[in-house]
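Heads up: the structure comes next, in structure tokens.
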Ligand code: 2M8
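The structure is reproduced here in structure tokens:
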């Protein structure tokens, strides 16, 4: 275990860039939004000053309307496509001096602040740090509830698959079916850095780029995006992260005496939790699914995102039991537990692919969220299983980006998938090793 900790620390130190941490050398050479949250939690176990710097650096990219972009381009690099010139965030009147993207990612910062505070045994100097960034994180939540919830129902939308973080989940196939896009010239770098068959196809990338091109023609104006974007989805993972962050900002806000902000957060959260359960729970599937706001339909497929409401304490005990059954002898574990936890997409679906990016492999950040969520509901054995599986995969292969879930295939495999020395895999293993 000590060696594993040392190796995890070495990954974070190797990816540290003087103020922030890149997710992976070559493959992801800038600062990414939700990666940085998980990474900051990892740093808290090594050097809390780095955790603070990580968060401050991310907030340098915040827009004046509270929006927090998915990439902050602190540094130049030609090993990633699409770079700042493709994103064109400067078209928005709200964008900052520093180049950023114009789309966001799951809002993890609120709960990351509280986790770090707890992991540091409620260190008062960290609470001072929380006080210094509280308004910025609150402004991000205010942005979501005022700009990304056109029906004022408490659920916010995402307008791009990259905002989900689960870039090519099969769920998006049903969105891509609703519109056509031009063939773009795609100077991709990812496919020459790692096994191209594990990455999204060029046809999928044309959709990703097309959405950015549309948003640029609208100068990233939220009202235009809400009215016209062909991709407008209420995602259970994204909304769970926002609600979990609300929960944390409420508790931290009470400690800091921020009563007006706490009341507003409570009002958003009460509405959000109720609507989440009414709209996104699928009682036939026994889990939470996506809602296509543009097409006005549920997209009824289970993925690892379906379990993340456990993290935000949204499900009732009965709903939680139905979800846990999928992980314990059900479709995600297999009846004989022939799969390690937790596949990123329903392994019993014909759309599942155990090697391809977000279409099936195990991701450590989702495992961490589900592990913590299971503990919220007292499901200690299932939580222990997901923790054991995560650590075993990293011990066997190293700090890869994603992993095979099939137990038999793992007997003969000698590598994880995607990029190696991947930061959030290292950061969250440090946290899992700590929490027993
Ligand atoms: C992946 O996404 C980026 C685009 O944001 C990419 O494929 O180029 C996703 O796994 C995402 O969740 C993650 O934040 C990012 C950096 O690790 O990589």
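In my numbering, the protein residues as written are 21 to 456. From the three backbone atoms N, C-alpha and C, an ideal C-beta is built for every residue, glycine too.
Delimiting residues of the alpha helix (DSSP H) encompassing residue i
| i | result |
| --- | --- |
| residue 416 | 400-417 |
| residue 244 | 242-248 |
| residue 78 | 68-79 |
| residue 139 | 129-139 |
| residue 314 | It is not in any alpha helix (DSSP H) - residue 314 carries neither H nor E in the DSSP assignment. |
| residue 256 | 256-276 |
| residue 223 | 222-237 |
| residue 120 | Counting along the chain, residue 120 falls outside any alpha helix (DSSP H), and DSSP gives it neither H nor E. |
| residue 298 | 279-300 |
| residue 32 | 22-35 |
| residue 55 | 53-64 |
| residue 112 | From DSSP, residue 112 is part of no alpha helix (DSSP H); its letter is neither H nor E. |
| residue 453 | 443-454 |
| residue 41 | No alpha helix (DSSP H) holds residue 41; DSSP gives it neither H nor E. |
| residue 252 | Where residue 252 is concerned, there is no enclosing alpha helix (DSSP H), given that its DSSP letter is neither H nor E. |
| residue 431 | 427-432 |
| residue 420 | No alpha helix (DSSP H) holds residue 420; DSSP gives it neither H nor E. |
Alpha carbon of residue i to alpha carbon of residue j, nearest angstrom
| i | j | result |
| --- | --- | --- |
| residue 356 | residue 350 | 9 Å |
| residue 99 | residue 294 | 44 Å |
| residue 26 | residue 362 | 25 Å |
| residue 106 | residue 206 | 11 Å |
| residue 412 | residue 246 | 43 Å |
| residue 178 | residue 251 | 8 Å |
| residue 368 | residue 387 | 19 Å |
| residue 435 | residue 418 | 8 Å |
| residue 260 | residue 283 | 19 Å |
| residue 172 | residue 316 | 16 Å |
| residue 50 | residue 90 | 10 Å |
| residue 202 | residue 226 | 7 Å |
| residue 329 | residue 263 | 9 Å |
| residue 420 | residue 198 | 34 Å |
| residue 304 | residue 320 | 9 Å |
| residue 450 | residue 340 | 27 Å |
| residue 348 | residue 219 | 29 Å |
| residue 312 | residue 258 | 14 Å |
| residue 69 | residue 279 | 28 Å |
| residue 358 | residue 265 | 34 Å |
| residue 45 | residue 441 | 8 Å |
| residue 404 | residue 370 | 29 Å |
| residue 28 | residue 292 | 36 Å |
| residue 335 | residue 23 | 38 Å |
| residue 183 | residue 144 | 34 Å |
| residue 54 | residue 308 | 21 Å |
| residue 94 | residue 72 | 17 Å |
| residue 84 | residue 104 | 18 Å |
| residue 234 | residue 123 | 12 Å |
| residue 431 | residue 446 | 23 Å |
| residue 186 | residue 120 | 20 Å |
| residue 111 | residue 118 | 13 Å |
Residue i versus the options, residue with shortest Cα-Cα distance
| i | options | result |
| --- | --- | --- |
| residue 373 | 307, 302, 180, 437 | 437 |
| residue 39 | 440, 92, 315, 22 | 92 |
| residue 242 | 328, 321, 168, 324 | 168 |
| residue 322 | 135, 36, 189 | 189 |
| residue 125 | 446, 81, 450 | 81 |
| residue 231 | 249, 67, 292 | 249 |
| residue 170 | 324, 416, 244 | 244 |
| residue 333 | 394, 114, 191 | 394 |
| residue 176 | 432, 160, 186 | 160 |
| residue 302 | 271, 314, 391, 338 | 338 |
| residue 376 | 128, 67, 214, 162 | 214 |
| residue 78 | 113, 253, 128 | 128 |
| residue 460 | 58, 85, 86, 83 | It is not possible to answer for residue 460, since the shown part of the chain is limited to 21 through 456. |
| residue 135 | 46, 289, 267 | 267 |
| residue 48 | 281, 208, 217, 238 | 208 |
| residue 399 | 443, 342, 416 | 342 |
| residue 34 | 443, 200, 452 | 443 |
| residue 212 | 194, 439, 30 | 439 |
| residue 345 | 384, 401, 378, 310 | 401 |
| residue 385 | 426, 354, 331, 431 | 331 |
| residue 222 | 238, 237, 204, 239 | 204 |
| residue 253 | 88, 196, 101 | 196 |
Element boundaries [beta strand (DSSP E), containing residue i]
| i | result |
| --- | --- |
| residue 209 | Per DSSP, residue 209 belongs to no beta strand (DSSP E) and is neither H nor E. |
| residue 101 | No beta strand (DSSP E) holds residue 101; DSSP gives it neither H nor E. |
query = If you scan the stretch 142-197 from start to end, which runs of the alpha helix (DSSP H) of 4 or more residues do you find wholly inside it?
reply = 144-167, 181-184, 193-196
message = I'd like the ranges of any alpha helix (DSSP H) spanning at least 4 consecutive residues and lying wholly in the stretch 302-371.
response = 337-347
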